[in-house]
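Going line by line, the protein sequences match chains V, R, L, P, B and U. Per numbering that gives the first Met the number 0, residue 0 is the first one in the first sequence, and the count goes up by one each step. Per numbering that gives the first Met the number 0, residue 0 is the first one in the second sequence, and the count goes up by one each step. Per numbering that gives the first Met the number 0, residue 0 is the first one in the third sequence, and the count goes up by one each step. Per numbering that gives the first Met the number 0, residue 0 is the first one in the fourth sequence, and the count goes up by one each step. Per numbering that gives the first Met the number 0, residue 0 is the first one in the fifth sequence, and the count goes up by one each step. Per numbering that gives the first Met the number 0, residue 0 is the first one in the sixth sequence, and the count goes up by one each step. Glycine residues also receive a C-beta, built at the ideal position from the N, C-alpha and C atoms. None of the values given here were measured: they were computed from a predicted structure. Before any comments, here is the structure.
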Amino acid sequence: MIKKCLYLNRRAPYGTSYALEAIDTVLIGSAFDQDISLLFIDDGVFQLKRDQDTTDVEMKNFSPAYSAFEMYDVEKLYVSKEAMAARGLKKRDLIVDVEVLSDSAISDLMDEHDVIFSF
Amino acid sequence: MIKKCLYLNRRAPYGTSYALEAIDTVLIGSAFDQDISLLFIDDGVFQLKRDQDTTDVEMKNFSPAYSAFEMYDVEKLYVSKEAMAARGLKKRDLIVDVEVLSDSAISDLMDEHDVIFSF
Amino acid sequence: MKFVIQVNEGPYQHQTADSAYQFTRAALVRGHEVLRVFFYHDGVNNGTRLASPPQDDRNVAKRWSALATEHDIDLVVCVAAAQRRGILDESEMKRLGKDAHNLAPGFRISGLGQLIEGVVFSDRLVVFGD
Amino acid sequence: MKFVIQVNEGPYQHQTADSAYQFTRAALVRGHEVLRVFFYHDGVNNGTRLASPPQDDRNVAKRWSALATEHDIDLVVCVAAAQRRGILDESEMKRLGKDAHNLAPGFRISGLGQLIEGVVFSDRLVVFGD
Amino acid sequence: MSILHTVNKSPFEKNNLESCLRYAKLGSAVLLIEDGIYAALKDTRFEKEVATAMKDVSFYCLEPDLKARGFSAAKIIDGIKMVDYAGFVDLTIKYDKVQAWL
Amino acid sequence: MSILHTVNKSPFEKNNLESCLRYAKLGSAVLLIEDGIYAALKDTRFEKEVATAMKDVSFYCLEPDLKARGFSAAKIIDGIKMVDYAGFVDLTIKYDKVQAWL
């Protein structure tokens, strides 16, 4: 049985471990042949910021994982246009190619999925 | 050595255990003969709301402890006027008698203490 | 209806571990099936049998264990989160070369696949977290 | 200068447990005295020796233990918070009638009085939490 | 497909309710639990925002959490419905899926 | 007595910075750490508020946390000073006490 699964990311990276855990869950989810989309809203858009360097905080830099998603057929990545604007982020600041959605398109996206995993 | 200790309460009760833990710390602190003040700002003012009834959530109702503070010579309780107003709370809604302070008086209060315990 | 419940926080610090328990019990009382309760992130800390809360307070781990016994529900602790936080059963203890284990009765340790599989074969996922 | 450091969160879920460690180490390197590190609330979960994080990740409990050995600092786990969360040493295990203990080397279990006393006899309290 | 949105944080402290309301569509519902119940109170800074959202979205409040925090149904914005834990379970079935704003 | 205020939450997510700035007095300082560093960025919704607060209050930003999140000093509001962990320790001594906005 295939379900349309939306992984909803709302938190900044490193401050909490949700971003890291979301990556793990997405990769496991892909092994179950589910229809996977990732959505980044609120501070979740910061997860995709380029140039993360965790040397001095001595934590693991997990941001390269986003570029590896394609190999796992995880190809639908969406970000909120409004969240990007409020945070002064441009598409070129992001580590991967994403589709930028308006808030009303995001409402529709949530609507059409079978299940939402909240991180 | 006596220090002026300010216990700063900013969280709602029950959603997290900080309010409960603050009570424990204040009571222990009083045994050390420290000069103790309690300040309630932001959602911390909700800790003092009358009529708390935790029967259905099956948690411990710790609000009677605020009335017992006097027995431990913990008598300086301050609340933020602005926090009360934003939350629609009046002094008569509170379980204990408190002094209501403006935000600028609260700044001064923080200033004159030796140490701040944040909850 | 078949439910999967996800719990992201440990006991006592956040009410959300209590809410998850109250919801799960109410769903069972209502006659629904709880396919699985999945303890993720700090939620794995619900599964220690070493907790000794004060007599006048609830015992969160024991409450879950009792619910599992009574209703035969599957309490799964995420293995990766549990390893990071020091929650383990006897076989994990041996595998990891540790000298003690602390998993409460009625809980088992398994992978994130159990969450995904649960979601695939259930009607509702309800998440409790901070 | 004499510091007391308070840690309110467990490892991995919140960076604040990392920040507390980095600050403590920097203070020691700077030649200051760290009178005590007090683990409160979920912070007590820093003190389990049963954690096995992935090889490529930091081991938070081991890191604290090493710092305690190297600089002879006092790592105190709040007893009331620890009892609720199942963190205990051998004597607590016996007293509470439990069958295992999990406290990491270099940590000890004591009361909130240790926090207050530390604050009274130090110059700065620095709190790390969520 | 309709959504039941759960909000467990105080709107005074976190942005969860604000984000939720940005995406909650006509026909969906919001259930306030834990510290989220403060958004249901009359006479607060958020009353107007909630009342406006109620034109499109149904609002529910978990009564055990409301009572724990010292409030009763009388202090709640008109039109917000009270549920207990059994009612919470029923809501998760009435709507097609649950989105937890954590 | 002067205060070093530490803020470790994103201003987009929680009200910590807002509360801190309500009480921070002339001569005190704010140190942004962990997710708090997002308040130090140029071109965000909070830039103006921070710039205004800087007239009375010194602002610092923990560089290891800034770098971890993919930003550099070039993206920071002018006048905010960078510190490392050793600098964080020095600040707690320079000011008379530390207030952590958690």
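Residue i at chain U interface by Cβ criterion, 8 Å
{"i": "V/A18", "result": "no"}
{"i": "V/Y13", "result": "yes"}
{"i": "V/F39", "result": "no"}
{"i": "B/F11", "result": "yes"}
{"i": "P/V33", "result": "no"}
{"i": "P/G128", "result": "yes"}
Beta-carbon contacts of residue i that lie in its chain and below 6 Å, excluding the five residues immediately before and after
{"i": "U/E12", "result": "none"}
{"i": "R/L7", "result": "L38, I115 and S117"}
{"i": "B/N7", "result": "I32, E33 and G35"}
Beta carbon proximity, residue i to chain P, threshold 8 Å
{"i": "R/G87", "result": "no"}
{"i": "L/S139", "result": "With chain L running from 0 to 129 in the structure shown, residue 139 of chain L is simply not present."}
{"i": "R/M0", "result": "yes"}
{"i": "R/G43", "result": "no"}
{"i": "V/V56", "result": "yes"}
{"i": "V/K59", "result": "yes"}
{"i": "R/D110", "result": "no"}
Nonlocal neighbours in the same chain, by C-beta distance under 8 Å from residue i, ignoring five residues either side
{"i": "B/A23", "result": "I2, H4, V29, A52, D55 and V56"}
{"i": "P/R107", "result": "D73, L74, V75, V76 and D88"}
Anticipated Cβ contact below 8 Å, residue i with residue j, distance rounded
{"i": "P/L111", "j": "R/I27", "result": "4 Å"}
{"i": "R/D42", "j": "B/S9", "result": "5 Å"}
{"i": "P/N44", "j": "P/G128", "result": "P/N44 to P/G128, Cβ: 13 Å. No contact."}
{"i": "U/I36", "j": "U/L65", "result": "5 Å"}
{"i": "L/V119", "j": "L/F2", "result": "In fact, because the Cβ distance is near 13 Å, the residues do not count as touching under 8 Å."}
{"i": "R/Q33", "j": "R/P12", "result": "Their Cβ separation, rounded to whole angstroms, is 24 Å, which puts R/Q33 and R/P12 out of contact at 8 Å."}
{"i": "P/R62", "j": "P/Y20", "result": "6 Å"}
{"i": "U/M0", "j": "U/K96", "result": "6 Å"}
Within chain D, partners of residue i - CB distance below 7 Å
{"i": "U/N7", "result": "Annotation note: the requested chain D is absent from the structure, which comprises protein chains V, R, L, P, B and U."}
Buried versus exposed call for residue i [16 or more other C-beta atoms within 10 Å across all chains shown]
{"i": "R/T15", "result": "buried"}
{"i": "V/M0", "result": "exposed"}
{"i": "B/S27", "result": "buried"}
{"i": "P/G96", "result": "exposed"}
{"i": "R/T54", "result": "exposed"}
{"i": "L/G42", "result": "buried"}
{"i": "P/G30", "result": "exposed"}
{"i": "B/R44", "result": "exposed"}
{"i": "R/P63", "result": "exposed"}
{"i": "L/R123", "result": "buried"}
{"i": "L/V28", "result": "exposed"}
{"i": "P/T15", "result": "buried"}
{"i": "L/A54", "result": "Here residue 54 of chain L is Gln; the residue named in the question, Ala, does not match the sequence. With fewer than 16 Cβ atoms within 10 Å of its Cβ, L/Q54 is classed as exposed."}
{"i": "V/E69", "result": "exposed"}
{"i": "B/E62", "result": "buried"}
{"i": "V/S66", "result": "exposed"}
{"i": "L/K93", "result": "exposed"}
{"i": "B/D77", "result": "exposed"}
{"i": "R/E98", "result": "exposed"}
{"i": "P/D17", "result": "buried"}
Nonlocal neighbours in the same chain, by C-beta distance under 7 Å from residue i, ignoring five residues either side
{"i": "R/D72", "result": "S29"}
{"i": "P/L49", "result": "N101"}
{"i": "L/L66", "result": "T23, R24 and I72"}
{"i": "L/S109", "result": "V75 and V78"}
{"i": "V/M109", "result": "L5 and I115"}
{"i": "R/G87", "result": "none"}
{"i": "V/D23", "result": "none"}
Residue i at chain R interface by Cβ criterion, 8 Å
{"i": "P/V119", "result": "yes"}
{"i": "L/D56", "result": "yes"}
{"i": "B/R21", "result": "no"}
Cβ of residue i within 8 Å of any chain V Cβ
{"i": "L/A135", "result": "Outside the displayed span of chain L (0 to 129) sits residue 135 of chain L, for which this structure offers no information."}
{"i": "L/G46", "result": "no"}
{"i": "L/G112", "result": "yes"}
{"i": "L/E116", "result": "yes"}
{"i": "B/Y57", "result": "Checking the sequence shown, residue 57 of chain B turns out to be Ser, not Tyr. Chain V contact via Cβ: absent."}
is_contact[residue i, chain L] using C-beta, thresh 8 Å
{"i": "P/L74", "result": "no"}
Closer than 8 Å to chain B by CB, residue i
{"i": "U/E62", "result": "no"}
{"i": "L/V125", "result": "yes"}
Interface positions of the segment 31-51 of chain U facing chain B (Cβ-Cβ less than 8 Å), listed along the chain | none
Near-chain L residues of the segment 75-104 of chain V (beta-carbon distance less than 9 Å), N- to C-terminal order = none
Residues from the segment 85-100 of chain B in contact with chain L, defined by Cβ distance under 8 Å | A85, F87, V88, D89, T91, I92, K96, V97 and A99
Select from the segment 2-31 of chain L all residues with a C-beta closer than 8 Å to any C-beta belonging to chain B, and list them in chain order.
-> F2, N7, Q14, T15, S18, Q21, F22, R24, A25, A26, V28, R29 and H31
Residues in the segment 82-110 of chain P with C-beta within 7 Å of chain L's C-beta atoms, listed in sequence order?
-> Q82, R83, R84, G85, L87, L95, K97, A99, H100 and N101
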